[in-house]
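**Q** Structure below; questions to follow.
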Amino acid sequence: MEWVAKLLPEIWLSVNILLFMSFLNFKSKDDFYSLYNLFNFSLFILVFSVLFQFYLLSTNNPSLESNLDLANLDLSIGNLIIYSNGFFELISKLFISIISVFISVSFYLYFKKGKEDFLHRYFKPDLLCVYLTIILGSFVLVSSNDFLTFLIGFELIAIPSYFAIAMDNKRAESLEGSMKYFLIGSLSTISLILSILIFYIYSGSLVFSSNFGMFDYFGVKLAFVIFIMGLLIKLAAFPLSFWIQDAYAGSRTPYLLVISTIPKLAVLFAFIKVILMVPYLNLGTFLFVFSLFSMVMGTFFALTNNDIRKILAFSTITNIGYILIPFSSLQGNLVNNSQALSVVYFYILQYVLATILFISVLIYLEEKYDTMDLEKLKGALSNNPLLSVFMIVSLVTMAGLPPTSGFIAKFLLFAYSYSISPFLVWVGIITSVISLYFYYRIAQELYVKNEKSEKIEVGFLNVFSNSVLSLMVVFMGFFPNLFLNIIYFAIISVFVK
Amino acid sequence: MWSEVLYLVLLIGVLILSLVAIFNREVFNAAVSLVFAFILLSGIYLLLGSEFLAVIQLIIYAGAIAILILFAIMHTPAKIESLGQAKIFDYKPHYLPAFLLGIVVFSTLLGIGFLIIKEIGINVNNFKITLKDFANALFNLKDIGNYGGRFVLVFELAGILILASVIAAITVAKKE
Amino acid sequence: MKNDILRFVNFTIKTIVFYFLISFALILLILPIYYLMDMLGVLALINNILGVNGGIWKNFGNLPMVIATSVIGIILVITVLMVSVIVNVWIERKLSAKIQGRMGPTLVNLPFLLKAGSKNMWLGGLVQPIADVIKLIQKEIMIPQGSYPFLYILSPILAFTTVVVAFGMFPFSNNYILLGNLDVGLLFIFAVSSYMVLSLVLAAWASNNKYSLLGGLRTVAQMLSYEIPLLLSFLAVMVFTGSFKIVDIVSFQNDHFWLIFYSPLMFVIFLWSMVAENNRAPFDLPEAESELVAGFVTEYSSMTFALFYLAEYGYLFFNSAIIATIFLGGYSLIPHSILNLLSPLLQSIGIYGYIMAINDNFIWIILKAFVVVGLIMFFRWTYPRIRIDHLMDLAWKAFIPITLISMMVSAIDVLLFNKIPVLSWILFAFVVYLASKRNVKLSTKYRNIPKFT
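Protein chains in written order, with our numbering: chain A, 827 to 1323; chain B, 9 to 184; chain C, -11 to 441.
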């Protein structure tokens, strides 16, 4: 009972993986519409289960059962915490689960009722299972308190991602992208395992806290660097990012939506958590290189590409570069670090929201025109005011222009790290000015007048969810403090523990 | 003393067989040497006192995975005459950076090994992990010394990981 | 009709009786070697160095002693292997002849027992296998052009080595398990015996012959598929004993009852999976004569062929001994629980002491192994060969789901019913009911068969 309460979202997700696997195999193809409704419903339940855990965390009297200690949601055996569920973890899970609902709603057009050719030419309903696994993996990754759980969470995200890219198995680019991602992703797994090995040799334990107390040894520092490099491969910081353009260009848009949002979010949350556990270790010069190269190279690669997915990939690299600026300028000051990291948290959150908005428009474009080439998509949106608004909002957010949250997040990011590494901040400002070009170019190409442009029918659910996302992005731009305070509190709570 | 000698023999055997697996141009022979490398590796596990791991290594890696590799190779249309003709190392200019990078990575690994020996020394505990310890660590929820219930969660999650991988692999592989 | 049934029953009983008489007689060939070794103290020596107290890898301190005892152990093992193979081959030829209404080998006879050329149905041709081996040794080893010579020679050696290593773990009795009483015991035996497939694959590839290659492909598909239900059904039974150790398994069966009565369904599946692992009819697709000449051994001649032959029959005998250990009480004749129940009766007659004295002995495991060998031989000569897709269907669609369910069922039995196999028997009855109700329609169309062209 105690375990069920403490692992409620994870158990719910596992049950759903089994459930949807059996549904997809045994139900007739006509019932997929109701299956999709069930899927959305179960994601709602997921959000409520995380909220229920918040409730359990807030109640201080253990009233459900006499021996139940639910004020502390950490799962422990003896004195050993094997799964931590503090405020930071729960708030991260809440964000992930809410975002997962938005992503799921974006698949609405593949499940329209009464659609005759249900078996879509590239969308496979099995994606739902893969998607649930990725959510589960991100939960495990965020909550992990030892290296083995961390590794399993990492793999729960990675392996379904490899398969998700290759789901459209008739397309050579998809298989190629999947294969490249798999090879480089396994390198990241190798580096994680290698670092875990060295940690274990030194400390004889797999728990984070007992390993991160041993930085007097040079070998442990080296192991930590290797560990961070494994994470950076997944985050696609520049010299380690060569999978991302092929993986993105290879995947069809619904799969791109899955692999480009939640994995990034979860890995970055875990990254922040790990960094928070070693506040006094200076990785500045190490992350400086990654940050600089990511910003510069990401921007310059993005200028020359025509494929929208590739532009998105390089934009991701650039933004990872911005995110790494505060990491490379961390110093011993606890308060300053926490503030910088909460800004990072806020930045990735709003960036992922903008990405979802962007790709959910791309899904309609790919459904209609079956291409992502900017040359062939000229004027594709000129007759679709609604989609245009969503597209513009997302592009403005990603570029970091004033009315939206993108501006305020980038501004705070640069402001917090200017005093320590002004060089990186200047590079960041210059590259964000340059990057305006390719964001603008997408908009410009899509609105050039074109006679052939047709009206695209957008489902009600999509309109609703995209409107909510747009409003949220703008709202976050006007009232960032609402979010920043919560995030700051969550990050402080990691220290308190 | 003799167990150290045996350990060295096994280690050198694994090294040689792995190198053969890398550099042999006939892919079937490479796979076969891989199988024997796996078998010798299980011998090392046995010397280190983990019988269960050795047996699992024998059954899963050498007994199933490597055999599946052989099975896959047997489906390929390879003629004997066309194999074995290519040179072992056919130099091309763009191999140089890869070669240098390989040297860097290898020397890093070697350096880590020496670093560990320098900092904490060689510390071989002569302990034996029994099957019961494995079972306790994986299934027993009670707090029993070092092994009780520590990996229950990881074990279950690994099960879900494998299940999801199987589903996804079938989805990718199946025809419409 | 009635007459036919009577004739059939008469014939079957006669054949079984015939088989067991021969088995009993031929066990006598093995026993003297062991008694001699026991009397000379060699077995005790081997056990002290290699045996139950620790295992070989703990005793590297005195390497010369380890080597010496290893050599003796290997000689012992190979002796047992050879004798059991010779006996098995002869029995199989006689039994098949009996089933098919022939005489079998009669010409090569034991001197002093029968005249040469005497056409005796019962003991004629007793030396035939030895004569075969001598003939095979004399021939030249042919290495076909275009083959891979190294792998071609390696594979029969590997097959024979596998069987020898497996025989090192032969579950003779409490004291006489040569390679040590490992913690993982039977699991190690399965690990070793799964290497049979490696040697067969190497043979198939190295021959560079299309029939061999086809045989090899079938071997891999079949043996890898059937390894899963084999291990799963084994695990489903091991839930009751709670240990992989041979000694623990046998002592559990002594304390309670034979495991075949705990989970009859698992016995059936385990037995059939063993038959399939051993590539014997009705699952002998890899070497189906009518389709593939001789499968992976097509190109092999003389001693290389003989090694495969030895390996096959040795493996058969060894697997039968494993089945006997797991399901039929191992090296004890009657479970101690039954003996305790009957002890007043037996003591009143006055034979209780005698029975207790001979109850735990390695004769019984050999005898039980011969029983299982006989069963498998009956399968071979009375069932038709099944088709390759049916074979795979049987493993993946029937055996694996049933064994998975059975694992859960056994666990429930242990947890809720205090190790009384209530649900296991219910599952057995249910499966038998399903099998009887199901209108078995084997598909006539070939499907899911990859085309090897």
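Note that CB positions come from ideal geometry on N, CA and C, so glycine has one too.
Rounding to the nearest angstrom, what Cα-Cα distance links aspartate 171 (chain C) and leucine 23 (chain B) in this structure?
**A** Approximately 29 angstroms, taken between the alpha carbons.
**Q** In chain order, what residues of the region 177 to 201 of chain C put their CB closer than 8 angstroms to some CB of chain B?
**A** Phe178, Ala179, Val180, Ser182, Tyr183, Val185, Leu186, Val189, Leu190, Ala192, Trp193, Asn196, Leu201
**Q** I need the DSSP call for leucine 899 (chain A), collapsed to helix, strand or coil.
**A** Three-state result, leucine 899 (chain A): coil.
**Q** Just list the alpha helix (DSSP H) runs in the region 1137 to 1204 of chain A, keeping only unbroken ones of 4 residues or longer that don't cross its boundaries, in chain order.
**A** 1160 to 1195
**Q** Residues of chain B with a CB under 8 angstroms from the CB of phenylalanine 232 (chain C): which are they?
**A** Leu139
**Q** Counting contacts by CB-CB distance shorter than 8 angstroms, is glycine 157 (chain B) in contact with chain A?
**A** yes
**Q** Taking its Cβ as the centre, do 16 or more other Cβ atoms sit within 10 Å of tryptophan 838 (chain A), making it buried, or is it exposed?
**A** buried
**Q** Please list, in chain order, the chain B residues whose beta carbon lies closer than 7 angstroms to that of serine 840 (chain A).
**A** Ile168
**Q** Hey, would you say leucine 49 (chain B) sits closer than 8 angstroms to alanine 29 (chain B), going by beta carbons?
**A** The beta carbons of leucine 49 (chain B) and alanine 29 (chain B) sit no closer together than 8 angstroms.
**Q** Anything in chain B within Cβ reach of aspartate 171 (chain C), meaning under 9 angstroms, just list it in chain order.
**A** Glu59, Phe60, Lys136, Thr138, Leu139, Lys140
**Q** Please state whether DSSP places valine 1259 (chain A) in a helix, a strand or coil.
**A** helix
**Q** Is it buried or exposed, tryptophan 78 (chain C), if we count other Cβ atoms within 10 angstroms and call 16 or more buried?
**A** buried
**Q** With tyrosine 1007 (chain A) as the anchor, note down where its alpha helix (DSSP H) starts and where it stops.
**A** 998 to 1029
**Q** Take tyrosine 227 (chain C) as the anchor and find which of C:Val115, C:Ile400, C:Leu(-6) has the nearest alpha-carbon.
**A** A small fix is needed here, since residue 227 (chain C) is valine in this sequence, not tyrosine. It is C:Ile400 whose Cα lies nearest to the Cα of valine 227 (chain C).
**Q** Do we get a CB-CB distance below 8 angstroms when we pair leucine 161 (chain B) with the residues of chain A?
**A** yes
**Q** Where are the alpha helix (DSSP H) runs, 4 residues long or more, that stay fully inside the region 324 to 348 of chain C, in chain order?
**A** 324 to 337, 340 to 347
**Q** Looking only at its chain, what residues have a beta carbon closer than 7 angstroms to the beta carbon of leucine 124 (chain C), apart from the 5 residues adjacent to it on each side?
**A** Ser290, Met291, Phe293, Ala294
**Q** Return helix, strand or coil for isoleucine 311 (chain C), following the three-state DSSP convention.
**A** DSSP places isoleucine 311 (chain C) in the helix class (H, G or I) of the three-state scheme.
**Q** Express the C-alpha separation of lysine 919 (chain A) and valine 830 (chain A) in angstroms, rounding to a whole number.
**A** 17 angstroms
**Q** Mind checking if isoleucine 835 (chain A) is an interface residue toward chain B, Cβ cutoff 8 angstroms exclusive?
**A** One point to set straight first is that residue 835 (chain A) is proline, not isoleucine, in the sequence displayed. No - not a single Cβ of chain B is within 8 angstroms of the one on proline 835 (chain A).
**Q** Measuring straight from C-alpha to C-alpha, what distance separates isoleucine 300 (chain C) and isoleucine 1070 (chain A)?
**A** A small fix is needed here, since residue 300 (chain C) is glutamate in this sequence, not isoleucine. Each residue's Cα considered, the two are about 53 angstroms apart.
**Q** Please go through the region 1210 to 1249 of chain A and give each complete alpha helix (DSSP H) segment of 4 or more residues, from N-terminal end onward.
**A** Taking 4 residues as the shortest admissible run, the region 1210 to 1249 of chain A contains the following complete alpha helix (DSSP H) segments, listed from N- to C-terminal end: 1211 to 1225, 1231 to 1243.
**Q** Considering Cα atoms alone, identify which of C:Leu174, C:Ile326, C:Leu327, C:Asn328 is closest to asparagine 307 (chain C).
**A** C:Leu174
**Q** If you measure from the beta carbon of phenylalanine 79 (chain B) to each beta carbon in chain C, is any gap under 8 angstroms?
**A** yes
**Q** For asparagine 406 (chain C), count the other beta carbons within 10 Å of its own beta carbon; 16 or more makes it buried, fewer makes it exposed. Which is it?
**A** Burial state of asparagine 406 (chain C) is exposed, judged by a 10 Å Cβ sphere holding fewer than 16 other Cβ atoms.
**Q** Residues bridged to valine 1377 (chain A) by DSSP?
**A** No information on residue 1377 (chain A) is available, as it lies outside the stretch 827 to 1323 that chain A covers here.
**Q** Quick one, are the C-beta atoms of alanine 1062 (chain A) and isoleucine 1185 (chain A) less than 8 angstroms apart?
**A** no
**Q** Among the candidates C:Ile393, C:Val208, C:Ile408, C:Asn267, whose CA atom is the shortest distance from the CA of phenylalanine 418 (chain C)?
**A** C:Ile393
**Q** Please check if any C-beta of chain B sits within less than 8 angstroms of the C-beta of glycine 203 (chain C).
**A** no
**Q** Pair every Cβ in the region 1163 to 1178 of chain A with every Cβ in the region 1196 to 1215 of chain A, then say whether three or more of these pairs are closer than 8 angstroms.
**A** no
**Q** Quick check on tyrosine 214 (chain C): buried or exposed, where buried means 16 or more other Cβ atoms within 10 Å of its Cβ?
**A** buried
**Q** Straight-line CA distance for tyrosine 15 (chain B) to tryptophan 1252 (chain A)?
**A** 57 angstroms
**Q** Taking the CB atoms as reference points, tell me whether serine 964 (chain A) and asparagine 911 (chain A) lie closer together than 8 angstroms.
**A** Inclusion of serine 964 (chain A) and asparagine 911 (chain A) in the CB contact set at 8 angstroms is not warranted, their separation being larger than that value.
**Q** So with Cβ pairs under 8 angstroms, would you call isoleucine 73 (chain B) a contact of chain A?
**A** It does not; no Cβ of chain A falls within 8 angstroms.
**Q** So for tyrosine 53 (chain B), helix, strand or coil by DSSP?
**A** helix
**Q** Any contact of the region 1091 to 1104 of chain A with the region 1120 to 1134 of chain A, i.e. 3+ C-beta pairs under 8 angstroms?
**A** no
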